[in-house]
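Take a look at the structure set out below.
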Amino acid sequence: MNSTKENALSIASSLVFFLMSISLLAQNPIIRHVRTADPSAHIWDDNGTLWIYTSGDPDDAVDYTTMDGYRAFSTTDMVNFKDHGVILHSKDISWGVPGFMFAPTFAFKNGKYYCIYPHAYDSVEFKDKFYCGVAVSDVPQGPFKDIGIIEGVSGNWIDPCVFTDDDGTSYLYWGVYQPKVAKLKDNMLELAEEPRDIDYGEDNFFEAVYMHKKDGLYYFSYNTGTRGQKGGDYSIGDNPYGPFEHKGDINPWQLQDHHSIIEFKGQWYFFYHVDDWNGGTGFRRNTCVEYLDYNEDGTLVPVKRTKKGVEAVK
Ligand code: FUB
25 MNSTKENALS
35 IASSLVFFLM
45 SISLLAQNPI
55 IRHVRTADPS
65 AHIWDDNGTL
75 WIYTSGDPDD
85 AVDYTTMDGY
95 RAFSTTDMVN
105 FKDHGVILHS
115 KDISWGVPGF
125 MFAPTFAFKN
135 GKYYCIYPHA
145 YDSVEFKDKF
155 YCGVAVSDVP
165 QGPFKDIGII
175 EGVSGNWIDP
185 CVFTDDDGTS
195 YLYWGVYQPK
205 VAKLKDNMLE
215 LAEEPRDIDY
225 GEDNFFEAVY
235 MHKKDGLYYF
245 SYNTGTRGQK
255 GGDYSIGDNP
265 YGPFEHKGDI
275 NPWQLQDHHS
285 IIEFKGQWYF
295 FYHVDDWNGG
305 TGFRRNTCVE
315 YLDYNEDGTL
325 VPVKRTKKGV
335 EAVK
């Protein structure tokens with residue numbers, strides 16, 4: 025073989041290798057064919073599959089009022105995300121107005137999958153007049169069927185988060201400015217107790233509460249939004265109600281942070297959205313993922329935003 029041919033072959037094989045390496049990275053945003061926000065990540069019975077549920081931002085949105093169509097995505101390798109389509113739309117809900125499908129949360133109880141979501145019951149001012157809807161499905165990919173609302177969670181509130189502890193008890197977190205928590209009954213349609221205000225050791229809560237547990241510690245995280253600081257903060261406690269000790273930044277660079285956190289195949293991940301990808305705005309967002317690291321004392325290493333994302337797992 026002459027040296028020109030050899031050089032050409034070597035360049036071609038380097039190129040193939042380079043392209044293969046790229047495909048082994050998730051590459052942020054991980055979902056590009058539709059605008060999605062507020063990713064809620066879950067592992068159900070099948071430990072080998074990770075599910076993400078998102079809210080939907082129309083590509084021409086100029087505010088949040090037109091948000092609609094929650095979607096489900098699944099992955100087994102953190103690189104290929106299968107779109108299962110729209111799983112609940114405002115037109116499928118017997119109460120409420122078109123649009124206004126704000127950030128949902130999902131849960132599994134007694135063999136059924138639940139979508140618990142904030143939706144406006146009337147033409148509204150921003151974040152006013154919201155009910156907490158509940159929809160159910162026999163399978164994780166939906167579609168989900170409206171079964172009513174949770175009494176006692178209404179008015180000026182958004183962003184529910186269901187956390188199920190190791191003993192099987194589920195807690196509902198929610199709120200704007202003042203985060204709240206209450207146990208849920210197993211029917212996932214009723215609170216099992218009076219809501220409590222959460223003491224998280226600071227006064228900068230805006231919205232987007234998230235709860236996760238690792239090594240016996242309860243991590244209460246949230247968006248500080250427009251309250252003087254930027255991005256997401258977190259606090260740590262030793263039970264689901266708190267009080268929690270404030271620790272600081274989790275996501276310091278995303279003004280309107282809305283995240284979820286999960287361990288999958290031995291690695292912790294931080295799912296979030298960005299508002300500046302390919303013509304994006306605060307109302308035209310895209311879902312991304314990063315690794316989440318913990319220090320030895322249980323505190324979190326603030327997440328760095330990357331274009332590279334995360335690598336494939338087996
Ligand atoms: O996506 C609509 C709202 O914006 C969510 O409910 C908030 O958390 C913020 O992401």
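Be aware that the sequence shown starts at 25, since it is given in my numbering, and climbs by one per residue. Quick reminder that beta carbons are idealized off the backbone N, C-alpha and C, glycines included.
Handout entry: Any non-hydrogen atom of ligand 1 closer than 8 Å to Phe126 Cβ
Key = Against the sequence shown, residue 126 aligns to sequence position 102. Yes, the Cβ of Phe126 comes within 8 Å of a heavy atom of ligand 1.
Handout entry: Contained beta strand (DSSP E) runs [length at least 3] in the segment 203 to 274, N- to C-terminal order
Key = 204 to 207, 231 to 238, 241 to 247 and 256 to 261
Practice task
Assign Asn340 to buried or exposed, taking buried as 16 or more other Cβ atoms, counted over all protein chains shown, within 10 Å of its Cβ.
Solution key: One cannot answer for residue 340 here, as it falls past the ends of the chain, which runs 25 to 338.
Problem - Burial state of Glu218, where buried means 16 or more other Cβ atoms lie within 10 Å - result: Along the sequence shown, one-based indexing puts residue 218 at 194. So Glu218 counts as exposed.
Practice task
Could you tell me whether the segment 50 to 59 touches the segment 307 to 314, using the rule of 3 or more Cβ pairs below 8 Å?
Solution key: yes
Problem - Host beta strand (DSSP E) of Phe97 (start-end) - result: If you number the sequence shown from 1, residue 97 lands on position 73. It spans Tyr94 to Thr99 - the beta strand (DSSP E) in which Phe97 sits, taken as one unbroken run.
Practice task
Can you check DSSP and say which residues form a bridge with Gly179?
Solution key: Taking the sequence shown and counting its residues from 1, one reaches residue 179 at position 155. Bridge partners of Gly179: Phe154.
Handout entry: Endpoints, the beta strand (DSSP E) within which Gln291 is located
Key = Here residue 291 refers to the residue found at position 267 of the sequence shown. Where Gln291 is concerned, the enclosing beta strand (DSSP E) stretches over Gln291 to Val298.
Handout entry: Residues sharing a beta bridge with Leu196, DSSP
Key = Position 172 of the sequence shown, counted from the start, is the residue given in the question as residue 196. DSSP lists Val186 and Ala206 as partners of Leu196.
Exercise for the section: Within the same chain, show all residues whose beta-carbon is closer than 8 Å to that of Lys169, passing over the 5 residues directly before and after it, in chain order. Expected result: Sequence index remark: in the sequence shown, residue 169 carries index 145 (1-based). Hits under 8 Å: Asp116, Ala159, Val160 and Ser161.
Exercise for the section: Would you mind giving the Cβ-Cβ distance between His270 and Ala232, rounded to the nearest angstrom? I have them listed as a contact below 8 Å. Expected result: For this step, residue 270 is matched to residue 246 along the sequence shown. For this step, residue 232 is matched to residue 208 along the sequence shown. Contact doesn't hold; Cβ gap of about 16 Å is too wide.
Problem - contact_flag[the segment 222 to 231, the segment 191 to 211] where n(CB pairs < 8 Å) is 3 or more - result: yes
Practice task
Can you tell me which of the three DSSP states Asp107 falls into?
Solution key: The count along the sequence shown starts at 1 and reaches residue 107 at position 83. DSSP places Asp107 in strand when its eight states are reduced to three.
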